[in-house]
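Novice:
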Amino acid sequence: MAREEEGPAMMDAAERRLRVVSAHLEPQAGATAGLAANPTAGEYAHVQGYSVVLPEKLQTGKWNVYRSAESPLRLINRFPATPDIGTLHDNFVYAVETFTDCRYLGTRVCADGAVGDYKWMTYGEASTSRIAIGSGLIYHGISEGARIGLYFINRPEWIIIDHACAAYSYVSVPLYDTLGPDAVQFIVNHATVEAIFCVPQTLSTLLSFLTQMPCVRLIVVVGGDNANTPSTTAAAGVEIITYSRLHSQGKMSSQTYRPPKPEDVATICYTSGTTGTPKDQAWALSFTPP
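So the sequence shown is numbered by the UniProt record's numbering: it starts at 1 and just counts up by one.
See below:
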């Protein structure tokens, strides 16, 4: 949700400040300006043509404060050229429609220890996969608003799962293996995570304390094979399947999007908990802070 727009008085004050900054761009007679105004900048002081420098200074450092050149006087929650884009889901739908056959996610293939070429997934292919994953979660009874854990390092499937969460009103919860098993267990229980995506390496860690996470109902193993993935666990009611199987199940029972509202939570990120247990912070699906 965006902040409320400033009133006329605040806008006038902001405009006066920006005019002061802009005035510094005009060199005195015989002097050379250290900055140059963008030809399309109008009265505003542009540095790169995309932003304006505000006169405010950060108390914590010597850095400048910037604001978008498209809205130098106030914060906005929609881009003028695409007013229908209000959430991360809307943004990806627009990207898929605009760049369907363009490269999006690349994986470098390493055969026999040698670095090979990238294998690419297009925007359209990524969209098809996120529909399959989101539909697969629905197939397994994971309801809207459920928290979905991601317990593995960066790879294309991580992005696909996050897109699926945005399209079907799930909340992604990253689980960092660097935090250690105790922190992972705390985060899963604190966020009430119902489904966890992991890799074979982190699956063994999950299984070691799965009975202590009663909220978990489904574990999906990314990069695992059906033959070596256990289908049941000692914890009653927890099913373990591979990512490829979930993908196939979702593809066979495709569901329409269940798009979220801009004010809905998109993800919950936890700190490392250096001063105690991990602390969480929720981020909304809109592009501006609440």
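Glycine included, each C-beta is placed from N, C-alpha and C at the ideal position.
Taking Thr-122 as the reference, give the member of Ile-85, Gly-224 and Glu-97 with the closest Cα.
Specialist: Start at 1 with the first residue of the sequence shown, and residue 122 comes out as number 122. The option with the nearest alpha carbon to Thr-122 is Glu-97.
Novice: Distance check for Ala-266 and Ser-169, CA to CA, integer angstroms please.
Specialist: Against the sequence shown, residue 169 aligns to sequence position 169. Against the sequence shown, residue 266 aligns to sequence position 266. Whole-angstrom Cα-Cα distance: 8 Å.
Novice: Can you tell me whether DSSP reads Val-199 as helix, strand or coil?
Specialist: For the purposes of this step, residue 199 is identified with residue 199 of the sequence shown, where counting begins at 1. Val-199 falls in the coil class under three-state DSSP.
Novice: From the DSSP output, in three-state form, read off Tyr-118 for me.
Specialist: To locate residue 118, count along the sequence shown from 1; it is residue 118. Tyr-118: strand per DSSP, three-state reduction.
Novice: Quick check: Ala-191 and Val-173, are their CB atoms within less than 7 Å of each other?
Specialist: The count along the sequence shown starts at 1 and reaches residue 191 at position 191. The count along the sequence shown starts at 1 and reaches residue 173 at position 173. Contact flag set, yes.
Novice: Mark Thr-87 as exposed unless 16 or more other C-beta atoms lie within 10 angstroms of its C-beta, in which case mark it buried.
Specialist: Sequence index remark: in the sequence shown, residue 87 carries index 87 (1-based). Answer is buried; the Cβ neighbour count reaches 16.
Novice: Report the CB separation of Val-222 from Cys-198 in whole angstroms; it is logged as a contact under 8 Å.
Specialist: For the purposes of this step, residue 222 is taken as residue 222 along the sequence shown, with counting starting at 1. For the purposes of this step, residue 198 is taken as residue 198 along the sequence shown, with counting starting at 1. About 7 Å separates the two Cβ atoms, so the contact holds.
Novice: Could you tell me the alpha carbon to alpha carbon distance between Thr-107 and Asp-117, rounded to whole angstroms?
Specialist: Locating residue 107 in the sequence shown gives position 107, where the first residue counts as 1. Locating residue 117 in the sequence shown gives position 117, where the first residue counts as 1. If you take the alpha carbons of Thr-107 and Asp-117, they lie about 8 Å apart.
Novice: Per DSSP, which one or two residues make a beta bridge with Ile-240?
Specialist: By one-based count along the sequence shown, residue 240 stands at place 240. Answer is Ile-219.
Novice: Determine the extent of the alpha helix (DSSP H) in which Arg-130 is found, giving its start and end residues.
Specialist: The residue you call residue 130 lines up with position 130 of the sequence shown. It spans 123 to 139 - the alpha helix (DSSP H) in which Arg-130 sits, taken as one unbroken run.
Novice: Taking the alpha carbon of Pro-80 as the point to measure from, which residue in Glu-70, His-89 and Arg-74 has its own alpha carbon closest?
Specialist: Within the sequence shown, numbered from 1, the residue matching residue 80 stands at position 80. The shortest Cα separation from Pro-80 among Glu-70, His-89 and Arg-74 belongs to Glu-70.
Novice: Which term fits Arg-155, buried or exposed, when burial requires 16 or more other beta carbons within 10 angstroms of its beta carbon?
Specialist: Walking along the sequence shown from the start, residue 155 turns up at place 155. Burial call: exposed.
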